[in-house]
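Comments concern the structure below.
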Amino acid sequence: MNKPLVNLLGLNAQELGQLVQDLGWPRYRTHQILQWLYQHRVFDIDAMTNLSKIDRGRLHQVATVYRDEVLSRQMAQDGTEKFLWRLVDDLAVETVLIPEERRRTLCLSSQVGCTLDCGFCLTAQMGIKRNLRAPEIVGQVLNVQALLPEGDHITSMVFMGMGEPLMNFDAVADAIQRLTNMEWGLGFSPRRITVSTAGWIPRFPDVRRLGVNLAISLNGTTNAQRDHLMPAVNARYNLEALLQACRTYLEDSERPLTFEYVLIAGVNDSAEDANRLVSLLRGLRCKINLIPFNEFPGNPFRRPSPDGIEAFQQIVRNRGLDVFLRKSRGDDVLGACGQLGRSASEVLETLVHPRRSLPIERKMLDVI
Ligand code: SF4
11 MNKPLVNLLG
21 LNAQELGQLV
31 QDLGWPRYRT
41 HQILQWLYQH
51 RVFDIDAMTN
61 LSKIDRGRLH
71 QVATVYRDEV
81 LSRQMAQDGT
91 EKFLWRLVDD
101 LAVETVLIPE
111 ERRRTLCLSS
121 QVGCTLDCGF
131 CLTAQMGIKR
141 NLRAPEIVGQ
151 VLNVQALLPE
161 GDHITSMVFM
171 GMGEPLMNFD
181 AVADAIQRLT
191 NMEWGLGFSP
201 RRITVSTAGW
211 IPRFPDVRRL
221 GVNLAISLNG
231 TTNAQRDHLM
241 PAVNARYNLE
251 ALLQACRTYL
261 EDSERPLTFE
271 YVLIAGVNDS
281 AEDANRLVSL
291 LRGLRCKINL
301 IPFNEFPGNP
311 FRRPSPDGIE
321 AFQQIVRNRG
331 LDVFLRKSRG
341 DDVLGACGQL
351 GRSASEVLET
361 LVHPRRSLPI
371 ERKMLDVI
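Take any residue in the sequence shown, note its place counting from 1, add 10, and you have its number in the working numbering.
The following block contains the structure:
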């Protein structure tokens, strides 16, 4: 039986080095192949033209470059674009591109579904299917970049798509290494990458070591509110533990924290909530992003009125904290914050036909 082809994007630098050694090639070839994959972003071994034709032929015999297929692209009226990818095992995951003047922010998914059960989030309704692997995370970046018009570039990335990134930390960290490596990777500054967590505090020190930004999805100013809105994570790490972890994080971090606060009418948007938010966060080096709740079918929560949102922001601002209102982007295609997951679950329910190329891709499951 033929050995399965190895997906080159599925290998980290050490594993690729081993493959190069097994082929009897000099060590510098590892670097060359990595550059082709991440800097030139080729998806074809034949395009690796500083490998001889014979060497490309040998590489073809043992390896391939596999990328996930785009199942759909939906453009919202504001230009936000939602991509749905079919993964190698027929699961599906979403990525959102948010254009803003000269910026192109990519919202990345880290899991198919999510273990946590935040009540304001559509992804939560899927449950967890599985963690994404590092190449599937980086693949979202490579694939979207390849689909952008000439001269258009992704400028920043946020791990705010499907899943809790800190519950899939090893893959997220591996992906970030490929995204930030200057010698052979995509060369993004870690400062342009934000990892957003519901409050999975054991991994905060690991995030600090990566040098990327950390955002905390707070959403409540009492344990009762967080128990209501984010029961799974608050049962493990309550508000006091979360804030203590934030203080410890800031002691050794040059980077300030961002607190995300989803404003939900009648749940966490009163003047009392705004004042309590200030009291909780005063003294922490941070900014606050207010995100008016993005409604979706079947969810009982409602977005506050524009006046209510404005009043909340004013209280926090007048008391001296940096607070910003995040515009809803892409909500008409369910691409806004908390709205990811519907298309992915629909795909899971409707994918019944085996793909034409299934045998090869099945083989690659082992190595991606
Ligand atoms: S908000 Fe984030 S952590 Fe919470 S259920 Fe949704 S994806 Fe998971």
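Yeah, the Cβ is synthetic: ideal placement off N, Cα and C, and Gly gets one too.
(request) Please name the residue or residues paired with Glu91 in a DSSP beta bridge. (result) Note: Glu91 sits in a beta bridge opposite Met85 and Leu107.
(message) Excluding the 5 residues flanking Asn60 on each side, which residues of the same chain have their C-beta closer than 7 Å to its C-beta?
(response) Taken in chain order, the residues that qualify are Gln42.
(message) I'd like to know if the stretch 322-331 and the stretch 133-145 are in contact, where contact means that at least 3 CB-CB pairs between them fall below 8 Å.
(response) The stretch 322-331 is not in contact with the stretch 133-145.
(message) Can you give me the C-alpha to C-alpha distance between Ala310 and Glu193, rounded to a whole angstrom?
(response) According to the sequence shown, residue 310 is Pro rather than Ala. Taking the CA atoms as reference points, Pro310 sits about 49 Å from Glu193.
(message) Using a strict less-than 5 Å threshold between each residue's beta carbon and the heavy atoms of the ligand SF4, what residues do you get?
(response) The answer, residue by residue, is Cys124, Leu126, Cys128, Cys131, Thr133, Ala134, Glu174 and Ala208.
(message) Out of Leu33, Asp317, Leu249 and Asp56, which one is the CA nearest neighbour of Leu287?
(response) Out of Leu33, Asp317, Leu249 and Asp56, Leu249 has the C-alpha closest to the C-alpha of Leu287.
(message) As a quick exercise: from Gly330, Asn299 and Phe306, pick the residue whose alpha carbon is nearest that of Ile319.
(response) Out of Gly330, Asn299 and Phe306, Asn299 has the C-alpha closest to the C-alpha of Ile319.
(request) Helix, strand or coil for Cys256, going by three-state DSSP, please let me know. (result) Helix.
(request) Would you check if the stretch 72-84 and the stretch 17-26 touch, i.e. whether three or more CB-CB distances between them fall below 8 Å? (result) In short, these stretches touch, since the Cβ pair count reaches three.
(request) Could you pull the start and end residues of the beta strand (DSSP E) that Arg292 belongs to? (result) Arg292 -> no beta strand (DSSP E), and no H or E assigned at all.
(request) Answer with buried or exposed for Ile55, where buried requires no fewer than 16 other C-beta atoms within 10 angstroms of its C-beta. (result) Ile55 is buried by the Cβ-count criterion.
(request) With distances taken Cα to Cα, identify the nearest neighbour of Asp317 among Asp332, Arg295, Arg329 and Ser280. (result) The shortest Cα separation from Asp317 among Asp332, Arg295, Arg329 and Ser280 belongs to Ser280.
(request) Confirm, please, whether the CB-CB distance from Ala23 to Thr40 is below 9 Å. (result) Between Thr40 and Ala23, the gap from beta carbon to beta carbon is short of 9 Å.
(request) Report the rounded CA-to-CA distance for Gly195 versus Leu224, giving the unit in angstroms. (result) About 22 Å.
(request) Could you tell me how far apart the beta carbons of Arg51 and Gln155 are, in whole angstroms, since I believe they sit closer than 8 Å? (result) About 6 Å separates the two Cβ atoms, so the contact holds.
(message) Looking only at its chain, what residues have a beta carbon closer than 6 Å to the beta carbon of Ser367, apart from the 5 residues adjacent to it on each side?
(response) Reliability of the predicted coordinates at Ser367 is poor, the pLDDT of 29 falling under 50, and the value obtained from them is presented with this limitation in mind. The beta carbon of Ser367 sits closer than 6 Å to no other beta carbon from its chain once the five residues preceding and following it are set aside.
(request) Return the chain-ordered ranges of every beta strand (DSSP E) run that is complete within the stretch 135-223 and spans a minimum of 3 residues. (result) Fully enclosed beta strand (DSSP E) runs of 3 or longer: 138-141, 166-169 and 203-207.
(request) Would you identify the three-state DSSP class for Arg366, choosing helix, strand or coil? (result) Caution is warranted here: a pLDDT of 30 is assigned to Arg366, below 50, making its placement in the model unreliable, and the coordinate value is therefore given only provisionally. In the three-state scheme derived from DSSP, where H, G and I count as helix and E and B as strand, Arg366 is classed as coil.
(request) Starting from the C-beta of Leu176, find all residues in its chain whose C-beta is less than 6 Å away, skip the five residues before and the five after it, and write them out in chain order. (result) Excluding sequence neighbours, Leu176 sits near Thr207, Trp210 and Arg213.
(message) So, at 8 Å on beta carbons, what are the nonlocal neighbours of Ala251 in its own chain, with the 5 sequence-adjacent residues on each side left out?
(response) Apart from the 5 residues on each side of it in sequence, Ala251 sits with its Cβ closer than 8 Å to the Cβ of Ile211 in its chain, given in chain order.
(message) Using only CA atoms, which one of Leu152, Gly123, His163 and Leu157 lies nearest to Asn178?
(response) Closest by alpha carbon: Gly123.
(message) Using CA atoms only, rank isn't needed, just tell me which of Phe269, Met172, Trp46 and Leu158 is closest to Gly137.
(response) Of the candidates Phe269, Met172, Trp46 and Leu158, the one whose C-alpha sits nearest the C-alpha of Gly137 is Met172.
(request) Under the assumption that Arg292 contacts Tyr259 (Cβ atoms under 8 Å), give the Cβ distance between them as a whole number of angstroms. (result) Going by Cβ atoms, the distance from Arg292 to Tyr259 rounds to 17 Å, so no, they are not a contact pair.
(message) Within the continuous alpha helix (DSSP H) that includes Gln235, where are the two ends?
(response) According to the DSSP assignment, Gln235 belongs to the alpha helix (DSSP H) that extends over Asn233 to Leu239.
(request) Flag this pair as yes or no: are the beta carbons of Gln275 and Ser315 separated by less than 9 Å? (result) Before going on, a small fix: residue 275 reads as Ala here, not Gln. Taking 9 Å as the Cβ cut-off, Ala275 and Ser315 qualify as a contacting pair.
(message) Quick check on this structure: which residue in Gln49, Leu33 and Arg295 has the alpha carbon closest to the alpha carbon of Arg66?
(response) Selected option, being the one with the closest Cα: Leu33.
(message) Whole angstroms are fine: how far does the CA of Ala284 sit from the CA of Asp100?
(response) If I take the Cα positions, the gap works out to 44 Å.
(message) Assuming the contact rule is C-beta atoms closer than 8 Å, Leu273 and Pro302 should be a hit. Round their C-beta distance to whole Å, please.
(response) That pair is a contact at about 5 Å.
(message) Considering just the uninterrupted stretch of the beta strand (DSSP E) at Phe269, what are its terminal residues?
(response) Leu267 to Leu273 is the extent of the beta strand (DSSP E) around Phe269.
(message) Comparing C-alpha positions only, which one of Met170, Arg236, Ala181 and Thr190 sits nearest to Thr204?
(response) Considering only Met170, Arg236, Ala181 and Thr190, the residue with the shortest C-alpha distance to Thr204 is Met170.
(request) Confirm, please, whether the CB-CB distance from Val103 to Gln135 is below 9 Å. (result) No, the Cβ-Cβ distance between Gln135 and Val103 is not below 9 Å.
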